[in-house]
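Report on one structure; see the data block that follows.
Residue numbers (my numbering): 110 to 484.
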C-alpha cells in the first residue's frame, strides 16, 4: 500500500453492495433499519428559555465534525460493528465519517465490512489496521484526516492505542474482553442458557461467561450442555479455554442474591431467564445491556434488535453507558443577560468571586457598573 492507494476508491465503495448475496443483503438492510430506528429515539434537541427579567439561557446541541470508525478484520471480522458505530453518528448529524479496516491477503477490505460501510453512509474508507490506524485517525496523516472521535473495538493493541490518544481526540471507551452473565431459575432451558454462554466464550480466550441460578438441577444440566455444544463449535478451542479460565456456574440461595452479585460484577451483557423477568428489571442497576426472557438471547443485540452492541466492559457499566447518538454530539451552554438583568445580580456575582480570591473575576463584573478598574 502507498499513500495513493490506501483509500478505497469511491466507485468501489459505491458498488460494495454488489459483493454480497441478495439474501444476506436483505438481512443486513433490516438490521441497519432497526439500528437507525432505535437510535433516532435518542436524538436531543437544542433548547432555550427567556425570562421576563432579561435572562436568556439554553443548551445548543452540535454534532461532531468528523468521526473515525475502526472495524477489526482479524480472526473474526466484525462488519456488524460498522453499522453499530456509524449509524448513530450519522443519525447525530456528524458531517464526515471515515472508516479504517485492515485489508486481507488479497489487498482488499473485507466485502461485508465494505457493504456495511455503504449501508451506514460512511464517507471514506481506508485500508489501515491496528494501533497505527488509531494513531493515523487521532493525529492525521497526509492521507487519513484527523478526527474528533474514534469508535470501534479491537485487540489489546488497539485498546491501548485508543487509551494513549484520548485527549488528542475523544474515544468511545476502552473495551475489554466480552462478558455475559445469566440470571436463571428452574424455568430456564439449559440448552438455551449453555448456547448463550458459549456465544460470548467463542469471542475471546479472555471472555467471561457466568451463570447465576437458584436451581442446582439447572446448573448441572447447563454444565452438561456446555460440553455437548462446545464440541460442535468452529471456534471450540477458544471457547473451551474461555470457559475453563473465566466461566462459572454459581448456585445462589435466592434470585435477589443473584441480582446483587450481578450488580457488583456490572456485566457487559445480562440475560434474565426467569419466570417473570420484568419483575427484576427495576432492581438491575449495573449492566451494559439487559436481555429479558428466554427468547431474547444476546446475539439479538449483537446484530439485529437495534440497541447498540458497543457496551461497557470490565465493570465499567457502573458508570458508562452503551454507545449512542449522545456520544457524537456536544452540549454547549448558552448565556445572555440584558443590562438590567446583569445589574440586578452584579454585586452577588462579585461577592462570590471575591470569596474565592479571584479579583479579576470580580473586576470583570464591577467594571460594567463603573465600580471596577477605571474605564
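Just so it is clear, CB atoms sit at the ideal spot from N, CA and C, and this is done for glycine as well. Source: prediction; values computed, not measured.
{"Check": "Along the chain, which unbroken stretches of the beta strand (DSSP E) at least 3 residues long are found entirely within the segment 204-251?", "Outcome": "205-210, 233-236"}
{"Check": "Is it true that the segment 455-462 meets the segment 404-423, where meeting means three or more beta-carbon pairs spaced less than 8 Å apart?", "Outcome": "no"}
{"Check": "Using the C-alpha atoms, what's the distance from residue 219 back to residue 131?", "Outcome": "17 Å"}
{"Check": "Can you tell me which residues form a DSSP beta bridge with residue 116?", "Outcome": "235"}
{"Check": "Give the range of the beta strand (DSSP E) segment to which residue 440 is assigned.", "Outcome": "438-446"}
{"Check": "In whole angstroms, what is the alpha-carbon distance linking residue 161 and residue 271?", "Outcome": "48 Å"}
{"Check": "From the DSSP output, in three-state form, read off residue 293 for me.", "Outcome": "strand"}
{"Check": "Ends of the alpha helix (DSSP H) at residue 331?", "Outcome": "325-339"}
{"Check": "Measure the alpha-carbon distance for residue 230 versus residue 149 and round it to whole angstroms.", "Outcome": "15 Å"}
{"Check": "Could you check the C-alpha separation between residue 395 and residue 254 for me, to the nearest Å?", "Outcome": "37 Å"}
{"Check": "Please report the distance separating the alpha-carbon of residue 407 from that of residue 431.", "Outcome": "14 Å"}
{"Check": "Run through the segment 158-199 for me and flag every whole beta strand (DSSP E) of 3 or more residues, listed as ranges in chain order.", "Outcome": "164-172, 175-179"}
{"Check": "Return the CA-CA distance between residue 247 and residue 146, expressed in angstroms with no decimal places.", "Outcome": "30 Å"}
{"Check": "Can you check whether the CB of residue 435 is closer than 8 Å to the CB of residue 153?", "Outcome": "yes"}
{"Check": "Which residues mark the beginning and the end of the beta strand (DSSP E) in which residue 320 is found?", "Outcome": "317-322"}
{"Check": "Grab me the residues of residue 186's own chain with a C-beta within less than 7 Å of its C-beta, minus the 5 sequence neighbours each way, in chain order.", "Outcome": "219, 221, 222"}
{"Check": "Can you give the Cα-Cα distance for residue 440 and residue 167, rounded to whole angstroms?", "Outcome": "10 Å"}
{"Check": "Rounded to whole angstroms, what is the Cα-Cα separation between residue 113 and residue 119?", "Outcome": "13 Å"}
{"Check": "Any contact between the segment 274-282 and the segment 343-363? By contact I mean 3 or more CB pairs, one from each, below 8 Å.", "Outcome": "no"}
{"Check": "Quick check on the DSSP output: the alpha helix (DSSP H) that includes residue 472 runs from which residue to which?", "Outcome": "468-475"}
{"Check": "At a threshold of 7 Å, does residue 455 count as lining the ligand FMN (C-beta to nearest heavy atom)?", "Outcome": "The model on display carries no ligand, and the ligand FMN is accordingly not part of it."}
{"Check": "Alpha carbon to alpha carbon, what distance is there between residue 224 and residue 129?", "Outcome": "8 Å"}
{"Check": "What does the Cβ neighbour count give for residue 357, buried or exposed, with the cut at 16 atoms within 10 Å?", "Outcome": "exposed"}
{"Check": "Find the nearest neighbour of residue 366 within the set 292, 313, 403, 239, judged by alpha-carbon distance.", "Outcome": "292"}
{"Check": "How do the segment 253-269 and the segment 360-375 stand: do at least 3 beta-carbon pairs fall below 8 Å, yes or no?", "Outcome": "no"}
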